[in-house]
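J.: I have a structure here, written as structure tokens, and I will follow up with some questions on it.
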Amino acid sequence: MGLMQDQAAKSARTRILEAAAELFYREGIRAVGIDAVIAHSGVAKMSLYRNFAGKDELVAAFLEYRDQIYWTWWDKVTARHPGDARGQIRAIFEAVGKRTANLDYRGCPFINTAVEFPDLDHPGRIVALANKLELRKRLGGLAEMAGAHDPAMLADQLLLLIEGTYVSGQTIGAEGVGQKAAAAAATVLVEAACAERRATDS
Numbered sequence: 001m002g003l004m005q006d007q008a009a010k011s012a013r014t015r016i017l018e019a020a021a022e023l024f025y026r027e028g029i030r031a032v033g034i035d036a037v038i039a040h041s042g043v044a045k046m047s048l049y050r051n052f053a054g055k056d057e058l059v060a061a062f063l064e065y066r067d068q069i070y071w072t073w074w075d076k077v078t079a080r081h082p083g084d085a086r087g088q089i090r091a092i093f094e095a096v097g098k099r100t101a102n103l104d105y106r107g108c109p110f111i112n113t114a115v116e117f118p119d120l121d122h123p124g125r126i127v128a129l130a131n132k133l134e135l136r137k138r139l140g141g142l143a144e145m146a147g148a149h150d151p152a153m154l155a156d157q158l159l160l161l162i163e164g165t166y167v168s169g170q171t172i173g174a175e176g177v178g179q180k181a182a183a184a185a186a187t188v189l190v191e192a193a194c195a196e197r198r199a200t201d202s
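The opening position of the sequence shown corresponds to residue 1 in the UniProt record's numbering, with each subsequent residue numbered one higher.
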């Protein structure tokens, strides 16, 4: 493929992916058909199938795209508190609270996908699970750095708190628990986990 053709192919793929990301997130994956994505992206149907084998592959690509955005956001938030695990944890929850208070917030795309596709072997479900496992792993690393007595337990507690904040933001909206309660609850959990370790070590 020549340079100009390659650039055109990348451009078409990008337009398709961005259109799918917008529609899938706003309206739900099952509610959006391939024709709607094609119309919204402005590309020919042949271009879509040249880049994606079908809707399932497009769903997986959409989630991989959102996964990259999510971890870029995460790294930006945690970078504000270098070497301070407790500060990073609090900053994450404060940032999550702000995200869930946005008027265009439609929930966590990975949770939404898991609800829409109960089949564990669905390509989108696989990407969604990978995101949550990575989240659990990163929280575990922060819990250990913070000095928790049981880092794995604290990581699971924080994971449940984040997931609950995402769902509350979708069901209750800006008046949900995310704005202040989640960060406050995370601080309590971290302090309790670290105090338990201090008591054990003394």
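Virtual Cβ for every residue (Gly too), placed ideally from N, Cα, C.
So, are the CB atoms of Gln185 and Val127 less than 7 angstroms apart?
T.: For this step, residue 185 is matched to residue 185 along the sequence shown. For this step, residue 127 is matched to residue 127 along the sequence shown. In the sequence as presented, Gln is not what sits at residue 185; that position holds Ala. The answer is no: Cβ separation not under 7 angstroms.
J.: Alpha helix (DSSP H) containing Glu134: first to last residue?
T.: As a first step, residue 134 is located in the sequence shown; it is residue number 134 there, counting from the start. Element bounds for Glu134: Pro123 to Ala146.
J.: Among Thr100, Leu133, Ala130 and Asp156, whose alpha-carbon lies nearest the alpha-carbon of residue 203?
T.: With the chain represented from 1 up to 202, any question about residue 203 goes unanswered, as that position is not in the structure.
J.: If you drop the 5 nearest sequence neighbours on each side, which residues of the same chain put their C-beta closer than 6 angstroms to that of Leu3?
T.: Taking the sequence shown and counting its residues from 1, one reaches residue 3 at position 3. Residue placement at Leu3 is flagged as unreliable, the pLDDT there being 41, under the threshold of 50; the coordinate-derived value follows with that caveat. Excluding sequence neighbours, Leu3 sits near nothing in its chain.
J.: Give the straight-line distance between the Cα atoms of Val188 and Leu133, rounded to the nearest whole angstrom.
T.: Taking the first residue of the sequence shown as position 1, residue 188 is located at position 188. Taking the first residue of the sequence shown as position 1, residue 133 is located at position 133. Rounded to the nearest angstrom, the two C-alpha atoms are 23 angstroms apart.
J.: Taking the straight line between their C-alpha atoms, what separation do you get for Arg30 and Phe117?
T.: On the sequence shown, position 30 is the one that residue 30 refers to. On the sequence shown, position 117 is the one that residue 117 refers to. If I take the Cα positions, the gap works out to 9 angstroms.
J.: Relative to the C-alpha of Ala130, which residue among Ala143, Ala114 and Leu142 is closest?
T.: Within the sequence shown, residue 130 is the residue found at index 130, counting from 1. If we check each option's Cα against that of Ala130, Ala114 comes out closest.
J.: Is the separation between the beta-carbon of His149 and that of Ala193 shorter than 7 angstroms?
T.: As a first step, residue 149 must be located in the sequence shown, where it is residue number 149. As a first step, residue 193 must be located in the sequence shown, where it is residue number 193. In this structure, Ala193 lies closer than 7 angstroms to His149 by Cβ.
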